[in-house]
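Protein chains in written order, with this note's numbering: chain C, 5 to 465; chain F, 5 to 465. Just below is one structure, and these are the notes that go with it.
Number of protein chains: 2
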Amino acid sequence: MKKDASQLIAILKSQFDDASFYTEPSDCWAYGYDNSRRHALPDAVVFASNHEDVVKLVKLCAQHSIPLIARGRGTNTTGAAIPINGGIVLSLERMQKIIEIDPQNRFMVVEPGVLNQNAQEAAQKMGLFWAPDPTSAPYSSIGGNIACGAAGPRSVKYGTTKDNVLGLTAVTGTGHTIHTGVYTTKGSVGYDLTRLMIGSEGTLGIVTSAILKLLPIPETKRTLRAFFSSMPSALSAVIKVMQQPIIPCGVEFMDGNAIRMVRNFSHPELPEKAQSMLIIEVDGSHSIIDHDLQAIVRAIQHPDLLEVNIARSEKEATELWKIRKSLSASLRSLSPHKINEDIIVPVSKVSEILEFTEVLSKQYEIQVVNFGHAGNGNIHVNFLVDPFDPIKGPQAKECLHQLFDKVLSLKGSLSGEHGVGIEKRDYIGKEINSDTLCLMKNIKAQFDPQNILNPGKIFPE
Amino acid sequence: MKKDASQLIAILKSQFDDASFYTEPSDCWAYGYDNSRRHALPDAVVFASNHEDVVKLVKLCAQHSIPLIARGRGTNTTGAAIPINGGIVLSLERMQKIIEIDPQNRFMVVEPGVLNQNAQEAAQKMGLFWAPDPTSAPYSSIGGNIACGAAGPRSVKYGTTKDNVLGLTAVTGTGHTIHTGVYTTKGSVGYDLTRLMIGSEGTLGIVTSAILKLLPIPETKRTLRAFFSSMPSALSAVIKVMQQPIIPCGVEFMDGNAIRMVRNFSHPELPEKAQSMLIIEVDGSHSIIDHDLQAIVRAIQHPDLLEVNIARSEKEATELWKIRKSLSASLRSLSPHKINEDIIVPVSKVSEILEFTEVLSKQYEIQVVNFGHAGNGNIHVNFLVDPFDPIKGPQAKECLHQLFDKVLSLKGSLSGEHGVGIEKRDYIGKEINSDTLCLMKNIKAQFDPQNILNPGKIFPE
Numbered sequence: 005m006k007k008d009a010s011q012l013i014a015i016l017k018s019q020f021d022d023a024s025f026y027t028e029p030s031d032c033w034a035y036g037y038d039n040s041r042r043h044a045l046p047d048a049v050v051f052a053s054n055h056e057d058v059v060k061l062v063k064l065c066a067q068h069s070i071p072l073i074a075r076g077r078g079t080n081t082t083g084a085a086i087p088i089n090g091g092i093v094l095s096l097e098r099m100q101k102i103i104e105i106d107p108q109n110r111f112m113v114v115e116p117g118v119l120n121q122n123a124q125e126a127a128q129k130m131g132l133f134w135a136p137d138p139t140s141a142p143y144s145s146i147g148g149n150i151a152c153g154a155a156g157p158r159s160v161k162y163g164t165t166k167d168n169v170l171g172l173t174a175v176t177g178t179g180h181t182i183h184t185g186v187y188t189t190k191g192s193v194g195y196d197l198t199r200l201m202i203g204s205e206g207t208l209g210i211v212t213s214a215i216l217k218l219l220p221i222p223e224t225k226r227t228l229r230a231f232f233s234s235m236p237s238a239l240s241a242v243i244k245v246m247q248q249p250i251i252p253c254g255v256e257f258m259d260g261n262a263i264r265m266v267r268n269f270s271h272p273e274l275p276e277k278a279q280s281m282l283i284i285e286v287d288g289s290h291s292i293i294d295h296d297l298q299a300i301v302r303a304i305q306h307p308d309l310l311e312v313n314i315a316r317s318e319k320e321a322t323e324l325w326k327i328r329k330s331l332s333a334s335l336r337s338l339s340p341h342k343i344n345e346d347i348i349v350p351v352s353k354v355s356e357i358l359e360f361t362e363v364l365s366k367q368y369e370i371q372v373v374n375f376g377h378a379g380n381g382n383i384h385v386n387f388l389v390d391p392f393d394p395i396k397g398p399q400a401k402e403c404l405h406q407l408f409d410k411v412l413s414l415k416g417s418l419s420g421e422h423g424v425g426i427e428k429r430d431y432i433g434k435e436i437n438s439d440t441l442c443l444m445k446n447i448k449a450q451f452d453p454q455n456i457l458n459p460g461k462i463f464p465e
Numbered sequence: 005m006k007k008d009a010s011q012l013i014a015i016l017k018s019q020f021d022d023a024s025f026y027t028e029p030s031d032c033w034a035y036g037y038d039n040s041r042r043h044a045l046p047d048a049v050v051f052a053s054n055h056e057d058v059v060k061l062v063k064l065c066a067q068h069s070i071p072l073i074a075r076g077r078g079t080n081t082t083g084a085a086i087p088i089n090g091g092i093v094l095s096l097e098r099m100q101k102i103i104e105i106d107p108q109n110r111f112m113v114v115e116p117g118v119l120n121q122n123a124q125e126a127a128q129k130m131g132l133f134w135a136p137d138p139t140s141a142p143y144s145s146i147g148g149n150i151a152c153g154a155a156g157p158r159s160v161k162y163g164t165t166k167d168n169v170l171g172l173t174a175v176t177g178t179g180h181t182i183h184t185g186v187y188t189t190k191g192s193v194g195y196d197l198t199r200l201m202i203g204s205e206g207t208l209g210i211v212t213s214a215i216l217k218l219l220p221i222p223e224t225k226r227t228l229r230a231f232f233s234s235m236p237s238a239l240s241a242v243i244k245v246m247q248q249p250i251i252p253c254g255v256e257f258m259d260g261n262a263i264r265m266v267r268n269f270s271h272p273e274l275p276e277k278a279q280s281m282l283i284i285e286v287d288g289s290h291s292i293i294d295h296d297l298q299a300i301v302r303a304i305q306h307p308d309l310l311e312v313n314i315a316r317s318e319k320e321a322t323e324l325w326k327i328r329k330s331l332s333a334s335l336r337s338l339s340p341h342k343i344n345e346d347i348i349v350p351v352s353k354v355s356e357i358l359e360f361t362e363v364l365s366k367q368y369e370i371q372v373v374n375f376g377h378a379g380n381g382n383i384h385v386n387f388l389v390d391p392f393d394p395i396k397g398p399q400a401k402e403c404l405h406q407l408f409d410k411v412l413s414l415k416g417s418l419s420g421e422h423g424v425g426i427e428k429r430d431y432i433g434k435e436i437n438s439d440t441l442c443l444m445k446n447i448k449a450q451f452d453p454q455n456i457l458n459p460g461k462i463f464p465e
């Protein structure tokens, strides 16, 4: 239920200068969206400039029991940044200082509004990188990456945000400041609240700075693209790749429907018979890279392998990636509304889950297009259907139920990297038993006893 | 304060068969120790055979408000397994089933009593390994490794227990069963309780099975040992090693006092001038290993480098490691009682903290011997003094205060891998601010509202 925020807003006006907040609906409008394409209008938008602003704002929201929804750049796909019950949106976009880079100790301290790409560029000057590389990297913020536990292709070798943040400073729902974690690559003092907060979608606290673990940039990289005339052959190749000791820094997959779509949209040259495509990348020293690449080429050999293209320059690699990058545009042009899922299963079960999506596709007469980070078993299942369509919408929902049940029966999870938000909160009970969910909610209540931080997200209402 | 457990014990007798528990003090005695060399007698020892036994026992202890101290093999050094207020020790040593190994998906499900080494041997048959390799691996259990967040030399490349456990099944202090995490290498559904529990020293729940992330065994390994005529030279070599892109799988350090001790005890051939020693290991493909080794050799060049020995076989490597492995025996023979610290600082600050230990050593007239995992900045500072000595004990305590303050001023942490237990609980407030500590205690209360799980550990009483 929406609460009256007018009293709080009057106080905010006295506490923050004019340039630090919006109350006009026309100004606030854009801050009610995220990439889930849902929308709800916030009562106000506040722009914090520093940690103290966040503390002040949280305390005021707590006093008035008004929801506070922290927001980076709104690239998340699950509705996690939507102010579903109104309240104050806290935009962290102005907190974009890189506070410290320490190349000797391979860490970087940043404010939450720093864009992933800007952090990468700053690190790169020191010969370092931060592992998480979501597709949204050029326009998503580190704070948002932390809130969602973002990943990307590189996580198959280097891990996700959860594996690459050393510590956090955050403000809890009571306005208290907590410091979690360490500046070092290990640490064993007290409970690990860092990773508890990563992926908690702004429900536990508001991160005001983060210590990022940096890694040395490998000397070079090779990119390989392979087409197969069947779907299981590509996925058995993935299993073989993941069982040998050279860990690639990317194992991306596209299914036959995805290839057909890109062929029709922009790339008529794609092989007619292709039923699946892999893009595999390896990185390392100049002197070993071709050896490692050959190990991958050996691992993917299969009678159904149609062709292998290898890029030997960055330009050639960009060319190979074009197919994968064209997919989103092709999908959008064909189906402006769609359900984009983010399931994950053990690598050896990917083939089975993809076959199951084909069964669902026939049963419900909904076209399905699959692609994703196959090396992690993380597949973005796209049902080309408007979820709000009065007839197809409920069918799609039933179809998702079946998909999720199957995923869980294969020891998978409902989300590999996008999180829960509001899109998946009604399904979370399928994956997490009620005692564990209850414990999570009780933990949330310790961080945020008044439930003002992003209420209605992750847990069913 | 010790509570009367006699009523509970009478009930336990009716619920568990005779072979499943001890109540005689002479039988219980051995279960009152850990490697902190402290001791307290438990009222009873119960041996669980399965998850249901644990649930039953926790519920009974909760009903009677009697402390329950879960125990693996007691190799921890912080007193975390000591039943300081009596109560029931739950030994998990009989729960040593390897439930599942899935080489295609690179995970393994084990009961908590499985020894680290037994898990490694089972994984090895599939060409895989589990990264955590504490020195205690042959006789420490996976459950204990999880409780302490164990690490070891390999963690400089492969991370610690926190980075290598995918999920847990555990029993909370109310007897509820929780399942955390996933079987996959990523996951983003709900709060990450897995890592919250790792390193929580049995205070949040009792792990009854764990999903371990396995990695492919590299084809081969090279070991290098280097002696330097000064301490800072070795540590500047470590910084250089950690800045170049080849990440070693071990960067171990010993200081001049440690070398002198081993020279006098068992290895007279060690170079007279040596003031520090590094052991560095690299692993990878046969075709690259010597290239990588040479990169390390280049990185450690320094005018103070006295000699470099390179092992090209496992036998030669064992020989190089002998110096490091002899250290514990030498230390014990010289000083049966000692304070073995486990500080960690950013890699570039190791030299400064070691110089500070020398200052403390002179100031308090306490001999100090330093060694550890320099690639992580994790140094085991050994003060050769009996902490219970009436005169030197209090001085040593003061000395620790100074050491810890210095560590924290350098952005370090009080423990890299041993944890807090009772040894460091009085110092935890130096590192973690009171609001964060308060939150941790409140989280504990959600898992264990009656504070029966390993009470008195981690937090000051």
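Even glycine gets a Cβ: it sits at the ideal position worked out from N, Cα and C.
Item	Value
Beta carbon of threonine 198 of chain C nearer than 7 Å to that of threonine 184 of chain C	yes
Top-ranked residue by Cα proximity to proline 275 of chain C, from C:Lys6, C:Arg41 and C:Glu311	C:Glu311
Under 8 Å by beta carbon: chain F residues contacting methionine 444 of chain C	Gly194, Tyr195 and Leu197
For lysine 396 of chain C and proline 459 of chain F, the rounded distance between their alpha carbons	55 Å
Residues that threonine 181 of chain F contacts on chain C, provided the C-beta gap is smaller than 9 Å	Asn437, Asp439 and Thr440
Valine 59 of chain C and valine 175 of chain C closer than 7 Å at C-beta	yes
Rounded C-alpha distance that separates tryptophan 33 of chain F from aspartate 196 of chain C	33 Å
Nearest to phenylalanine 231 of chain F (by Cα), restricted to the options F:Ser270, F:Lys277, F:Ser355 and F:Asn54	F:Lys277
Contact set for phenylalanine 297 of chain F: own chain, Cβ-Cβ below 6 Å, skip 5 residues either direction	Reading the sequence as shown, one finds leucine at residue 297 of chain F and not phenylalanine. Arg226 and Val286, listed in sequence order.
Arginine 267 of chain C CB to nearest heavy atom of the ligand PLP below 6 Å	Ligands displayed in this structure: none; no statement on the ligand PLP is therefore possible.
Contact list for the stretch 408-438 of chain F against chain C, Cβ threshold 7 Å	Lys415, Gly416, Ser417, Leu418, Ser419, Gly420, Glu421, His422, Gly423, Val424, Ile432, Glu435, Ile436 and Asn437
Cβ-Cβ distance between asparagine 374 of chain C and valine 385 of chain C below 7 Å	yes
Through-space distance from glutamine 121 of chain F to arginine 267 of chain C, alpha-carbon basis	52 Å
The stretch 160-178 of chain F: positions lying closer than 8 Å to chain C by Cβ	Val160, Gly163, Thr164, Lys166, Asp167 and Thr176
Residue from F:Lys319, F:Leu119 and F:Leu219 whose Cα sits closest to the Cα of tyrosine 162 of chain C	F:Leu219
Contact under 7 Å by Cβ, leucine 72 of chain C with isoleucine 102 of chain C	no
Cβ pair arginine 77 of chain C, glycine 156 of chain C closer than 7 Å	no
Test item: CB-CB of asparagine 39 of chain C and cysteine 152 of chain C under 7 Å	no
Burial state of glutamine 279 of chain F, where buried means 16 or more other Cβ atoms lie within 10 Å	buried
Proline 340 of chain C (DSSP reduced to helix, strand or coil)	coil
Partner residues on chain C for alanine 155 of chain F, Cβ-Cβ distance less than 9 Å	Lys190 and Ser192
Rounded straight-line distance, which links the Cα of leucine 282 of chain C to that of valine 255 of chain C	7 Å
Contact set between the stretch 226-253 of chain F and chain C, restricted to residues whose Cβ is under 9 Å from the partner	Ile243, Met246, Gln247, Gln248, Pro249, Ile250 and Ile251
Which listed residue (F:Gly194, F:Thr181 and F:Thr188) has its alpha carbon closest to that of glycine 209 of chain F	F:Thr181
Nearest candidate by alpha-carbon position, reference proline 249 of chain F, set C:Gly288, C:Phe51, C:Asp137 and C:Ile150	C:Gly288
Residue environment, glycine 194 of chain C, which counts as buried when at least 16 other CB atoms sit within 10 Å	buried
Closest by C-alpha distance to glutamate 435 of chain F, when choosing among F:Ser419, F:Ile146, F:Pro307 and F:Ile304	F:Ser419
Closer than 9 Å at the beta carbon, the chain C residues around histidine 295 of chain F	Ser289, Ser291 and Ile292
Proximal residues to alanine 85 of chain C (C-beta, below 6 Å), its chain only, five neighbours per side dropped	Asp38, Arg75 and Gly78
Short CB-CB distance (under 7 Å) between glycine 381 of chain F and chain C	yes
Sequence-distant residues of the same chain with beta carbon closer than 8 Å to alanine 2 of chain C, five excluded per side	A query on residue 2 of chain C cannot be resolved here, the shown segment of chain C reaching from 5 to 465 and no further.
Local Cβ density within 10 Å of glutamate 421 of chain C, reported as buried at 16 or more and exposed below that	buried
The stretch 331-343 of chain C / the stretch 354-365 of chain C touching (three or more Cβ pairs under 8 Å)	no
Chain-ordered neighbours of glutamate 223 of chain F on chain C, where CB pairs are closer than 8 Å	Pro249
Beta-carbon separation (whole angstroms), isoleucine 370 of chain F vs alanine 400 of chain F, contact threshold 8 Å	6 Å
For tyrosine 35 of chain F: DSSP bridge partner residues	Tyrosine 35 of chain F pairs with nothing; no bridge assigned.
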